[in-house]
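With the numbering used here applied, the sequence shown corresponds to residues -16 to 241, in that order. Ideal placement from N, C-alpha and C gives every residue a C-beta, glycine not left out.
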Amino acid sequence: MNYEILKQEIADGVAVVTVSRPQALNALNTRFFQEMDSLVAEYRDRADIKAVVITGEGKAFVAGADIAEMVDKTPEEGSRFSRLGQATFRSLERLDKPVIAAVNGFALGGGLELALGCDFRVASSKAKFGQPEVNLGLIPGYAATQRLPRLIGPGNALFLLLTGEMIGADEALRMGLVQKVVEPEALLQTAVDLAKLVASKGPKAVKLVKRAVREGVLGDFESGCALESELFGSLFGNEGAEGMKAFLEKRKPDWSRS
Ligand code: CO8
């Protein structure tokens, strides 16, 4: 696919993907979702890409779904647009490789939902977060009503969803919405370094941690523990054996051996 909105730079196994529609504060339109679907499918199969960082160009990470594109939709079209976006962020979340959001500026509405579809979030101290849909007489359509309370608890989620107010990076950190806040000039390097750190771990273990957490938060405790035991066992005799042997032999693990 010829990417117009998603700019990509791939170096040392990390793909830095920049949402680039700065004239509309990177608002998410149909083209964005087509490109993101294609990109996720491509990265799934690319052995040279070990981790992904997603950021935005200019003063916004992403300022929401494209209001100009949504304004005239019928109820059926609105639901369809919502389902397509949900499916895209679900496939991003299911990518077997780490995906880190580097939130450089406004992460609002659908933009915050994109960040929620990533594994964790690093923010610039200047970033702003919010779910302003109620200001427009809307509710979120890309699963914020589901992911947000699971991540930060129902009280914090309802605070953001019902007030529609923006919060700063320190408040987002306090709520657990982001996992790290750094100065703007350090943002991208911090996210890339974290991406490389995760990519240096056992790749099967990384994939299975993602799966256990992802499926675990959706189900009950006992089923989650059963899944964890099954996945835990699957690492013995292969990647886990290499990691544990390397520890005992006081050397770095060679994941290609497993
Ligand atoms: N959609 C379309 N255009 C946008 C959006 C957006 N979400 N956000 C900003 N823009 C455009 C502005 O219209 C403006 O365009 P122009 O220069 O042509 O007038 C340009 O970007 C720059 O924006 P501003 O001049 O407003 O910049 P400011 O720095 O003054 O303000 C803000 C920045 C505060 C971020 C402001 O732009 C704003 O409030 N934006 C809207 C934020 C918002 O409400 N986002 C939520 C949208 S709804 C949503 O995301 C629902 C998701 C689920 C959808 C489910 C599918 C149905």
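Same chain, Cβ closer than 7 Å to residue i, neighbours up to 5 away in sequence not counted
i: G159; result: L134 and I135
i: F103; result: I83 and Q162
i: P186; result: W238
i: A7; result: D49
i: S62; result: none
i: F112; result: A90, L95, M149, I150, A155 and L160
Cα-Cα separation between residue i and residue j, rounded to whole angstroms
i: Y(-14); j: A24; result: 14 Å
i: I50; j: A34; result: 31 Å
i: N118; j: E148; result: 9 Å
i: Q172; j: V36; result: 10 Å
i: K42; j: V196; result: 32 Å
i: V200; j: E232; result: 36 Å
i: G226; j: M19; result: 34 Å
i: E116; j: T146; result: 10 Å
i: A10; j: G223; result: 42 Å
i: E205; j: E211; result: 10 Å
i: G92; j: K235; result: 43 Å
i: E59; j: I122; result: 15 Å
i: A110; j: G220; result: 45 Å
i: K(-10); j: G39; result: 10 Å
i: R130; j: A182; result: 25 Å
i: R4; j: I(-12); result: 6 Å
i: A90; j: A229; result: 42 Å
i: G100; j: A152; result: 18 Å
i: D28; j: F15; result: 20 Å
i: D176; j: K184; result: 13 Å
i: R157; j: R77; result: 27 Å
i: A(-6); j: G207; result: 36 Å
i: N139; j: D203; result: 22 Å
i: E168; j: G88; result: 12 Å
i: G120; j: G216; result: 49 Å
i: D79; j: T13; result: 25 Å
i: A30; j: K179; result: 15 Å
i: G(-4); j: I32; result: 5 Å
Integer-rounded CB distance, given that residue j should sit under 8 Å from residue i
i: A46; j: Y26; result: That pair is no contact at about 25 Å.
i: L95; j: A127; result: 6 Å
i: V86; j: F44; result: 5 Å
i: P81; j: V189; result: 6 Å
i: L67; j: S107; result: Incorrect: roughly 29 Å between the Cβ atoms, too far for contact.
Residue-chain proximity (residue i, chain D), Cβ-Cβ < 7 Å
i: K179; result: You won't find chain D in this structure, because it holds only one protein chain.
Residues near residue i by beta carbon distance below 6 Å, same chain, minus five either side
i: E(-8); result: V(-1)
i: M(-16); result: S21
i: V165; result: T173
i: L214; result: L191 and A195
i: S241; result: N221, E222 and E225
i: T71; result: F16, M19 and D20
i: L105; result: Contrary to the premise, residue 105 reads as Val rather than Leu in this sequence. If we look at V105 and ignore the five residues flanking it on each side, its Cβ neighbours are A85, K163, T173 and A174.
i: E52; result: N12
i: K193; result: none
Close Cβ partners of residue i (< 8 Å) along its chain, the five nearest in sequence each way excluded
i: S65; result: G124 and Y125
i: K56; result: F64
i: Q69; result: G124, Y125 and A126
Enumerate, from N- to C-terminal direction, the unbroken beta strand (DSSP E) stretches of 3 or more residues contained entirely within the region 122 to 195.
163 to 165
Would you list, in sequence order, the uninterrupted beta strand (DSSP E) runs of no fewer than 3 residues that lie entirely inside the region 62 to 109?
Correct list: 82 to 86, 89 to 91 and 103 to 107.
Please give the ranges of any beta strand (DSSP E) in the region -15 to 21, keeping only runs that are unbroken, at least 3 residues long and fully inside the region.
-11 to -6 and -3 to 2
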